[in-house]
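Visitor: Mind having a look at this structure? Questions to follow.
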Amino acid sequence: MPDRADAPGGRSRSSGLLRWSVAALVAVLLLDASRSLVAHLGWSTPASMWQPDPSDYADIAWPPAAAVPPAASRGERVYLENCAICHGPQGRGNGAAAPSMSPRPRDLAGDAFKYKSTVAGAPPTRDDLRKVIADGLDASAMPGFADVLSAQDIDAVLDHLVTLGTRTTTDATSRVAVPTRPRVTADAIARGARVYAAEGCGDCHGADLRGGAPQPDASGHEVVARDLTAPWTFRGGATPADVFLRLTTGMAPSPMPSYAHLTEGDRWALVAFLEARARPAPGEPGAVLAGPGQSADPLVRGRYLVRAGMCGLCHTEVSAGGIYRDARYLAGGIRIGAHPQGVFVSRNLTPDDETGLGRWSEAEIARAIRDGRTEARLLNVWSMPWIFLHGLSDTDALAIARYLKTLPPVHNAVPQPLHYGTLETALAMLLDGDVWLGRPATITYVSGNYANRAGPDLARLQSGLVTLQLVVIAAWLALLASRIPRSMWLPLGRRSWRAVAGGTAVLAIYATPLLGVLPADFLSREALREVPRPDTAELTPERAALVDRGRYLFVNASCVFCHGPDGAGGLKLSGPPGTLYTANISSDRDAGLGAWSDGEIARAIRSGVGRTGRPLYWQAMPWDHFSNLDEEDVTSLVAYLRRLPPVTRRVPAYRPPSGDECAVYTVWTEPNRSPGCR
156 MPDRADAPGG RSRSSGLLRW SVAALVAVLL LDASRSLVAH LGWSTPASMW QPDPSDYADI
216 AWPPAAAVPP AASRGERVYL ENCAICHGPQ GRGNGAAAPS MSPRPRDLAG DAFKYKSTVA
276 GAPPTRDDLR KVIADGLDAS AMPGFADVLS AQDIDAVLDH LVTLGTRTTT DATSRVAVPT
336 RPRVTADAIA RGARVYAAEG CGDCHGADLR GGAPQPDASG HEVVARDLTA PWTFRGGATP
396 ADVFLRLTTG MAPSPMPSYA HLTEGDRWAL VAFLEARARP APGEPGAVLA GPGQSADPLV
456 RGRYLVRAGM CGLCHTEVSA GGIYRDARYL AGGIRIGAHP QGVFVSRNLT PDDETGLGRW
516 SEAEIARAIR DGRTEARLLN VWSMPWIFLH GLSDTDALAI ARYLKTLPPV HNAVPQPLHY
576 GTLETALAML LDGDVWLGRP ATITYVSGNY ANRAGPDLAR LQSGLVTLQL VVIAAWLALL
636 ASRIPRSMWL PLGRRSWRAV AGGTAVLAIY ATPLLGVLPA DFLSREALRE VPRPDTAELT
696 PERAALVDRG RYLFVNASCV FCHGPDGAGG LKLSGPPGTL YTANISSDRD AGLGAWSDGE
756 IARAIRSGVG RTGRPLYWQA MPWDHFSNLD EEDVTSLVAY LRRLPPVTRR VPAYRPPSGD
816 ECAVYTVWTE PNRSPGCR
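Next comes the structure, spelled out in structure tokens:
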């Protein structure tokens, strides 16, 4: 008896099946193309674009030398090239990089200067300002310029500051004379302890002198009370005379008042008490790393880790000029494009109940940070690099979560990601040769706020298109089950609902993201397995602790994300500021940091000043965020970078804007790759 497919009716059925199969394929491909079209065209413009009032934050051209008027004086030129990025073009403390910095850059037109030799309320002397410019302020974002500016340039800057409104004094009667220090005795130390308690110093610095609590300064911005057990963080100097001077002059505009009303004996007793409570400096014998990043108070710890890390880099809205909107800190809204992975908008991390993390538990937040898992979905590693944060300790992750829950809530309805069609995604991964992870060739970061959008929900539209694709495929499978001869079903047996169920299961498995199946531990370990772990056996325990902490920061502060696991750098970045490449920070003397001093490395990390004095773009090397790093952690990072094996790869020099840069800020994900801008 002939098979039904060989009979006249069978041939007709086969022909009909072919037509329906072609129609189903066309329908699925059209729906798939529609998904891609939505991803390509959706969110083409931000819902809103914030531009700060210049009196709050002033835009700056990049490189800064481009903003120097032709008729500028020598002092104005040096100031605009080196100082305006933080202090603003008019010296009002409103530079483009200022929003992320704590404390904020000084208002040079005001009368309040912390580090001076004159009585409270009096202007500083010219020598006071010269010393700060030349030597910088220890453990702060204010760098020393003595090695990159000549004495004549520094004097010219001082002349220019006068035109900006900076006042100085030559009145000898306003100078504080530091008297001869009396002999330090146990009685003097005990007296200092009583003065510390009587004057309420512990209200800010704590009974343990560790400080850490944020307080508003005279301008309303948060500053953190100094850890008085860590004299290496005293920005005005840590000698007994320096500390006596700070107690006498006060540190306006911070909450630290003048204690000139105390007798000289009481002030010297306070100095002796603080000396007695000082801890050994990082790396010295007996030193224990105990900065704010190791605080037992989860809020102190969490605030520090967030403010000194890179969270704000992606989760805070920026203006067209790259200025962070600090009033909406961590409210998300930046558009991140990562073809073929998708188009993302950075999430709202504030505790808003409807649009942020208000209804999340601390454990859920910590899990999302470290494992990339939420109740709703797996976070894409190319938009949220959780594989680099997986190594965060439980204590650190929960401290970050605790701090995020204390932020002012901001209502910012961030849309769900948009994804490209399956065919475009698969082809891009195959052609790029990265089938497993689908590494995007470039990642784009677009200014403005892409949240609170009016119009259709594009992510829901894409979900509807996927549903229609599945309906078409299911209908085709059902038709297939009813038309294919029984002999062709083989392992499935006779045609039945099981055929449709099996096909649907295969589709579901195929559609499951590979990364969601693999354990987070495995993925993070594979991503970071090439990060060097230096042998510290020959080091003292204190120095070894520095290197270990430095490696922890290298990974979890995301240095590895831009500079690579070996520190070789070389990733290309292109946009309105020009074209630059991430630095080689290995220990190679010619291509890396091997010839740099520890101070030069530290200055680049948190002040954005290169070895030759060239300013570093804060949106590429986020030194404005890293300016909040504690001295212990900067010292630890330097100690680790010193031990990165040398890599000889030379990184191309920065190229100022020339007209062929990408229209939006674009980052290439691998060295030596240069596809066109997306």
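The sequence shown begins at 156 in this note's numbering and counts up by one. Ideal Cβ positions, reconstructed from N, Cα and C, are used throughout, including at glycine. In this text the structure is predicted, and so the values were computed from the model without any measurement.
#1: Would you kindly work out how many angstroms separate the C-alpha atoms of Ala311 and Pro770, rounded to a whole number?
#2: Across which residues does DSSP place Ile598 in a beta bridge pair?
#3: So the beta strand (DSSP E) Phe499 belongs to, where does it begin and stop?
#4: By a C-beta neighbour count over all protein chains shown, 10 Å radius and 16 as the cutoff for buried, is Arg502 buried or exposed?
#5: Looking at C-beta atoms only, is the number of pairs between the stretch 502-518 and the stretch 557-571 that lie closer than 8 Å three or more?
#6: Can you tell me where the beta strand (DSSP E) holding Pro369 begins and where it ends?
#7: Whole angstroms is fine: what's the gap from Tyr736's alpha carbon to Met776's?
#8: Can the beta-carbon of Ala552 be found less than 7 Å from the beta-carbon of Asn783?
#9: If we count Cβ pairs, one from each stretch, closer than 8 Å, do we get three or more for the stretch 268-280 versus the stretch 326-338?
#10: Beta-carbon within less than 8 Å of Trp387's beta-carbon, same chain only, minus the 5 sequence neighbours each way: which residues are those?
#11: In chain order, what residues of the same chain lie with their CB nearer than 6 Å to the CB of Ala554, ignoring the 5 residues before and after it?
#12: Using 10 angstroms around the beta-carbon of Asn711, count the other beta-carbons present and answer buried if the total reaches 16, otherwise exposed.
#13: Quick one: what does DSSP say Thr273 is sitting in, helix, strand or coil?
#14: Would you decide whether Ser409 is buried or exposed? Buried here means 16 or more other CB atoms lie within 10 Å of its CB.
#15: Name the DSSP bridge partner or partners of Pro770?
#16: What separation, rounded to the nearest whole angstrom, lies between the Cα atoms of His545 and Leu192?
#17: Which class does Lys286 belong to by DSSP, given the choice of helix, strand or coil?
#18: Whole angstroms are fine: how far does the CA of Gly593 sit from the CA of His494?
#19: Would the stretch 617-631 count as touching the stretch 179-190 if we require 3 or more Cβ pairs under 8 Å?
#20: Below 7 Å CB to CB, which residues in the same chain sit around Leu319 once its five sequence neighbours on both sides are set aside?
#21: Give every residue of the same chain whose Cβ lies closer than 7 Å to the Cβ of Glu439, excluding the five residues on either side of it in the sequence, and list them in chain order.
#22: Starting from Ser729, trace the beta strand (DSSP E) both ways and give me its first and last residue.
#23: Examine the Cβ distances between the stretch 250-258 and the stretch 360-378 and report whether three or more of them are shorter than 8 Å.
#24: Spatial neighbours of Ala700 within its chain, please: CB distance less than 7 Å, with the 5 preceding and 5 following residues excluded, ordered by chain position.
#25: Using a Cβ distance threshold of 8 Å, determine whether the stretch 395-403 contacts the stretch 412-427, with at least three qualifying pairs required.
#26: Going straight from the alpha carbon of Ala746 to that of Arg805, what length do you get?
#27: At what residues does the alpha helix (DSSP H) containing Arg232 begin and finish?
#28: Alpha carbon to alpha carbon, what distance is there between Ser170 and Arg638?
#29: According to the neighbour-count rule (16 or more other Cβ atoms, all chains shown, within 10 Å of its Cβ), is Asn739 buried or exposed?
#30: The alpha helix (DSSP H) spanning Arg797 covers which residue range?
#31: Would you grab the beta carbon distance between Gly497 and Leu485 for me? Rounded to a whole angstrom, and I think it's under 8 Å.
#32: Compare the Cα-Cα distances from Ser618 to each of Thr577, Met584, Arg608 and report the closest residue.
#33: Gly814: which of Thr734, Tyr795, Ser791 sits nearest, CA to CA?
#34: Helix, strand or coil: which one does DSSP assign to Thr667?
#35: Report the option in Ala692, Ala596, Cys817 whose CA atom is closest to the CA atom of Trp823.
#36: Tell me where the alpha helix (DSSP H) around Ile628 begins and ends.
Guide: To lay it out plainly:
#1: Distance between the alpha carbons of Ala311 and Pro770: 19 Å.
#2: DSSP links Ile598 through a beta bridge to Val822.
#3: 497-500 is the span of the beta strand (DSSP E), which, as asked, contains Phe499.
#4: Counting every other CB atom within 10 Å of its CB across the protein chains shown gives Arg502 a total of 16 or more, marking it as buried.
#5: Per the Cβ contact rule, the stretch 502-518 is in contact with the stretch 557-571 (3 or more Cβ pairs under 8 Å).
#6: Where Pro369 is concerned, the enclosing beta strand (DSSP E) starts and stops at 369-371.
#7: Distance between the alpha carbons of Tyr736 and Met776: 10 Å.
#8: The answer is no: Cβ separation not under 7 Å.
#9: By the C-beta criterion, the stretch 268-280 is judged to be in contact with the stretch 326-338, since at least 3 inter-stretch pairs fall below 8 Å.
#10: The residues are Asp293, Ala294, Ala393, Ala436, Pro437, Glu786.
#11: If we look at Ala554 and ignore the five residues flanking it on each side, its Cβ neighbours are Pro453, Arg456, Gly457.
#12: Buried, since its Cβ has 16 or more Cβ neighbours within 10 Å.
#13: Three-state result, Thr273: strand.
#14: Answer is buried; the Cβ neighbour count reaches 16.
#15: Residue pairing from DSSP places Pro770 in a beta bridge opposite Val764.
#16: The alpha-carbon of His545 is positioned some 34 Å away from that of Leu192.
#17: It is helical.
#18: Rounded to the nearest angstrom, the two C-alpha atoms are 9 Å apart.
#19: Taking 8 Å as the limit for Cβ pairs, the verdict is that the stretch 179-190 does touch the stretch 617-631.
#20: Apart from the 5 residues on each side of it in sequence, Leu319 sits with its Cβ closer than 7 Å to the Cβ of Gln245, Gly246, Leu263, Ala264 in its chain, given in chain order.
#21: Hits under 7 Å: Glu697.
#22: That run of the beta strand (DSSP E) goes 727-730.
#23: Three or more Cβ pairs closer than 8 Å define a contact, and the stretch 250-258 meets that threshold against the stretch 360-378.
#24: Closer than 7 Å at the Cβ level, and outside the excluded window around Ala700, lie Leu444.
#25: Yes, since at least three Cβ pairs between the stretch 395-403 and the stretch 412-427 fall closer than 8 Å, the two stretches touch.
#26: For Ala746 and Arg805, the distance between alpha carbons rounds to 5 Å.
#27: Secondary structure note for Arg232: its alpha helix (DSSP H) is the uninterrupted segment 229-237.
#28: Whole-angstrom Cα-Cα distance: 11 Å.
#29: When all chains shown are included, Asn739 counts as buried.
#30: Counting along the chain, no alpha helix (DSSP H) covers Arg797, and no H or E run does either.
#31: Separation of the CB atoms of Gly497 and Leu485 is rounded to 22 Å, and the pair is thereby denied contact status at 8 Å.
#32: Nearest of Thr577, Met584, Arg608 to Ser618, Cα basis: Thr577.
#33: With distances taken between Cα atoms, Gly814 lies closest to Thr734.
#34: Caution is warranted here: a pLDDT of 43 is assigned to Thr667, below 50, making its placement in the model unreliable, and the coordinate value is therefore given only provisionally. Thr667: coil per DSSP, three-state reduction.
#35: With distances taken between Cα atoms, Trp823 lies closest to Ala596.
#36: 613-638 is the extent of the alpha helix (DSSP H) around Ile628.
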